[in-house]
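I have placed the structure first, in the form of structure tokens, so that the comments after it can refer back to it.
There are 2 protein chains.
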Amino acid sequence: MNTADLRLPVDVPSTALFTDHYELTMLQAALKAGTAERRSVFEVFTRRLPNGRRYGVVAGTGRVLDAVENFRFDADVLDFLRERRIVDEPTLRWLADYRFTGDIWGYPEGEVYFPGSPIMRVEGSFGECVLLETVILSILNHDSAIAAAASRMSSAAGDRPLIEMGARRTHELAAVAASRAAYVGGFASTSDLAAGFRYNIPTVGTSAHAFTLLHDSERDAFRAQVASLGRDTTLLVDTYDVAEAVRAAVEVAGPELGAVRIDSGDLLLVAHRVRQQLDELGARDTKIVVTSDLDEYAIASLAAAPVDAYGVGTQLVTGSGHPTCSMVYKLVARAESADPQAPLKPVAKRSTGGKFSLGGRKWAARRLDQDGIAEAEVVGTGEVPPELVDRRLLVQLVKAGEVVGREPLDVARARHQAARANLPLSATQLSRGEPVIPTEYVQGRPGN
Amino acid sequence: MNTADLRLPVDVPSTALFTDHYELTMLQAALKAGTAERRSVFEVFTRRLPNGRRYGVVAGTGRVLDAVENFRFDADVLDFLRERRIVDEPTLRWLADYRFTGDIWGYPEGEVYFPGSPIMRVEGSFGECVLLETVILSILNHDSAIAAAASRMSSAAGDRPLIEMGARRTHELAAVAASRAAYVGGFASTSDLAAGFRYNIPTVGTSAHAFTLLHDSERDAFRAQVASLGRDTTLLVDTYDVAEAVRAAVEVAGPELGAVRIDSGDLLLVAHRVRQQLDELGARDTKIVVTSDLDEYAIASLAAAPVDAYGVGTQLVTGSGHPTCSMVYKLVARAESADPQAPLKPVAKRSTGGKFSLGGRKWAARRLDQDGIAEAEVVGTGEVPPELVDRRLLVQLVKAGEVVGREPLDVARARHQAARANLPLSATQLSRGEPVIPTEYVQGRPGN
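Heads up: the protein sequence lines correspond to chains U and F, in order. Take 1 as the starting number for the first sequence in UniProt numbering and just add one per residue. Take 1 as the starting number for the second sequence in UniProt numbering and just add one per residue.
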């Protein structure tokens, strides 16, 4: 696939530079030792959810597939590695031919996860797999953190639409990924044009205080906006005095005014007053959009207020207190020799300081109760117990180097809604708690 | 300047998409109303520092200059805006010719800042300035948050070098900007190859547990690493048993072993034991590198431990609890007509909900006491008092659309060290406190 077909707002000729220095020096040492070709299994998982969170949300899977496909060491990159003496000539030659030729399995995007869930499994030679560590973790750790926050906000918002408005609060390209992850987590639209361009997410906009201040009066500003954008526009009503602004807004646009936006003050109180005023002015269909440092708790507190949509910025793009997940990429099994037929041996770091890892190539399944509600995340090695075969969570994403798991973003979005709906009700409580279902480990006979 | 000269790891054909939808619709309405050409002044500032922080660090300025230079609406972008009906045809024609032709002044990169500091000032027509809001804030809010965390960590680390290792914990391109900001804030090097490629920051690497687990024994892994990378390499010693690993490391590499890395456990205790063991084995010059969820407090707590370098990941790239700044981009003055000679009129949103803004085009200066230590951030409109003329903080970055403020990253890094050294000593206390100097506002006679 040509990356130009992706209509990237920034063209990424190669994602191979999104790699830590040590991945390449480990490769060099393993090439020399003859161990780089050992068949290996790496898994992405997290040992814990952010403090108090009840479930995680897998996001970024589609971006991982793009990154793996674009992972190439072109001449520019090789020149850099040579000039900086990062690796030796045999390693540079190996890198020049690099294509990922292995398999990737993973939780499909939008699925929920729990501590220990093997969110992604990368299989191939040690050399080809170890190089992907940094970029895979960057994407999954960032995007899943945003999606988890988005999911909490969308369950707090109920049927009211959420607008992602956080571009200005995070790195300009992280913002594009954040819009995408927010959409997976349940947001309806974004302010970020790059996200609209790249991922076809609906974009929306209102106006800023600067627009009001540019004009000689608030009424002039409203007239200018309505004349150009139509009566269906959203007028910002809190630059000077809200009540005066609402009166002017309806005078200028008529009762067909699309919406008003409130960006400051006690939103609960102001929304009630504005709703009453709009109704008295006959603008019964004019909607109220609120913005102003909202998070899932503020959204929940406005559930009974006459609010029609929420715009969320800072707290969304910073993961509402948890801007990253603690996903790691660990070698869990590897062959005992470079022979492609050599059996895989489970491996794990021996715990020091509480960092526990379970060795072995793993499967995962979600056990449901008789009502179809999740009751446990079951993670195991070896054969899958027959009663769980239909509940397996990992799907194939890359097969012998070919991406086979690409899907439209709306599919991931719908999957998330369905997956969350199958969790016990307490999953969507905002208060701190334990993971809503436990993770059980089973060690089966070799197989699978 | 050709963007290819920048050796971008990702080629950015245009930064114009890093823009919120409403910037374009406001432009459309202002073009129709005849107000888009009104001369305008926007300022970037923050109303407060993150809770308990004593100073902020300006970072990202150089990236803002790149973004402004690349801010163009090419055919692809215009097609997108047309197809999605985001703006009308007259606006599309205006955008097709877009080049920023105004002036930008700002605090130079690496400088410290306080609440109210006018960190950047953008002057030109309303239309050309309003479009830059989102991308300027994205860059400054992200990069300054990272630099502030880096600065605290580097003052806690004293003379010991800090290695930025957070790429896997944040968006893959945010990681590159984070390495850059960390370097400005005092870090010595990065693990991120893209940051080395793009910004010439020194890259370093050790090895991962996966490398040890790949081999049949820890000793095999150490032999493979030393054989390929030399005795000066850093061996990871906490995969199984630290004391055994240290013994094996020195046996394999000899007392010339470069360093060992400890990534888990009670770092204070383990570092002391490892130092003693290394010394007993004659490896007196072998260094100890520690990593494992370090932040500025953990670094400070290791001040008396025999540690030679710190690797910092998660807490650096997430701003150590504050992943974004609360910088805003506000219209502070604008002409009363489109006449280029029309005088500027200060404007400000009237406060509701505690959002206070001071109108008018501002200067800033740092008043020093007789020992040359900062005692106040002075922000004013109108003429600069004579005693502060030499202490002015804003420098010209863009003049009539031409970038004039580009500088090497090492200059910003050195500036930060100097600026921090001129703050009162309590600036570098890690405990929560007030901004280390107050911000004073003065309203002068018109002028400047």
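Glycine included, every Cβ here is placed at the ideal spot set by N, Cα and C.
Less than 8 Å between the beta carbons of residue i and residue j, yes or no?
i, j, result
"residue 288 of chain U", "residue 275 of chain U", "yes"
"residue 108 of chain F", "residue 395 of chain F", "yes"
"residue 18 of chain U", "residue 191 of chain U", "no"
"residue 112 of chain U", "residue 423 of chain U", "yes"
"residue 57 of chain F", "residue 416 of chain F", "yes"
"residue 185 of chain F", "residue 151 of chain F", "yes"
"residue 294 of chain F", "residue 310 of chain F", "yes"
"residue 218 of chain U", "residue 233 of chain U", "no"
"residue 97 of chain U", "residue 123 of chain U", "no"
Name the two residues that bound the continuous alpha helix (DSSP H) containing residue i.
i, result
"residue 310 of chain F", "Note, residue 310 of chain F: premise wrong, no alpha helix (DSSP H); beta strand (DSSP E) at 309-312."
"residue 39 of chain U", "Taken as a continuous stretch (DSSP letters only), residue 39 of chain U belongs to no alpha helix (DSSP H), being part of the beta strand (DSSP E) at 39-46."
"residue 90 of chain U", "89-96"
"residue 220 of chain F", "218-229"
"residue 299 of chain F", "296-301"
"residue 198 of chain F", "193-199"
"residue 123 of chain U", "Where residue 123 of chain U is concerned, there is no enclosing alpha helix (DSSP H), although the beta strand (DSSP E) it sits in stretches over 120-125."
"residue 137 of chain F", "133-157"
"residue 412 of chain U", "409-421"
"residue 80 of chain F", "75-83"
"residue 240 of chain U", "Counting along the chain, residue 240 of chain U falls outside any alpha helix (DSSP H), and DSSP gives it neither H nor E."
Around the Cβ of residue i, are there at least 16 other Cβ atoms within 10 angstroms (buried) or fewer (exposed)?
i, result
"residue 20 of chain F", "buried"
"residue 429 of chain F", "exposed"
"residue 437 of chain F", "buried"
"residue 389 of chain F", "exposed"
"residue 441 of chain F", "exposed"
"residue 141 of chain F", "buried"
"residue 144 of chain U", "buried"
"residue 101 of chain F", "exposed"
"residue 399 of chain U", "exposed"
Strictly under 8 Å for the Cβ-Cβ distance: is residue i near chain F by that measure?
i, result
"residue 80 of chain U", "yes"
"residue 450 of chain U", "Nothing in the structure corresponds to residue 450 of chain U, since chain U is present only between 1 and 448."
"residue 85 of chain U", "no"
"residue 172 of chain U", "yes"
"residue 6 of chain U", "With a pLDDT of 39 at residue 6 of chain U, under the threshold of 50, the predicted position of this residue should be treated as unreliable, though the coordinate-derived value follows. Cβ-Cβ to chain F under 8 Å: no for residue 6 of chain U."
"residue 104 of chain U", "no"
"residue 417 of chain U", "no"
"residue 141 of chain U", "yes"
"residue 338 of chain U", "no"
"residue 395 of chain U", "no"
"residue 206 of chain U", "yes"
Checking contacts by CB at 8 Å: is residue i closer than that to chain U?
i, result
"residue 45 of chain F", "no"
"residue 437 of chain F", "no"
"residue 2 of chain F", "Low local confidence applies: a pLDDT of 39 at residue 2 of chain F is under 50, so the model's placement there is unreliable, and no value is given."
"residue 40 of chain F", "yes"
"residue 349 of chain F", "yes"
"residue 120 of chain F", "no"
"residue 323 of chain F", "yes"
"residue 434 of chain F", "no"
"residue 213 of chain F", "yes"
"residue 366 of chain F", "no"
"residue 209 of chain F", "yes"
"residue 32 of chain F", "yes"
"residue 370 of chain F", "no"
Residue i bridges to which residues according to DSSP?
i, result
"residue 368 of chain U", "U/374"
"residue 259 of chain F", "F/234 and F/287"
"residue 396 of chain F", "F/105"
"residue 402 of chain F", "F/399"
"residue 57 of chain F", "F/112"
"residue 190 of chain U", "U/164 and U/203"
"residue 345 of chain U", "U/334"
Does residue i have its Cβ less than 8 Å from a Cβ in chain A?
i, result
"residue 20 of chain F", "This model lacks chain A altogether, as its protein chains are U and F."
Between residue i and the ligand NAD, is the CB less than 7 Å from at least one heavy atom?
i, result
"residue 277 of chain U", "No copy of the ligand NAD occurs in the structure displayed, which carries no ligand at all."
Hey, quick one: how far does the beta strand (DSSP E) through residue i stretch, first residue to last?
i, result
"residue 334 of chain F", "327-335"
"residue 384 of chain U", "Counting along the chain, residue 384 of chain U falls outside any beta strand (DSSP E), and DSSP gives it neither H nor E."
"residue 443 of chain F", "439-443"
"residue 430 of chain U", "Residue 430 of chain U -> no beta strand (DSSP E), and no H or E assigned at all."
"residue 163 of chain F", "162-164"
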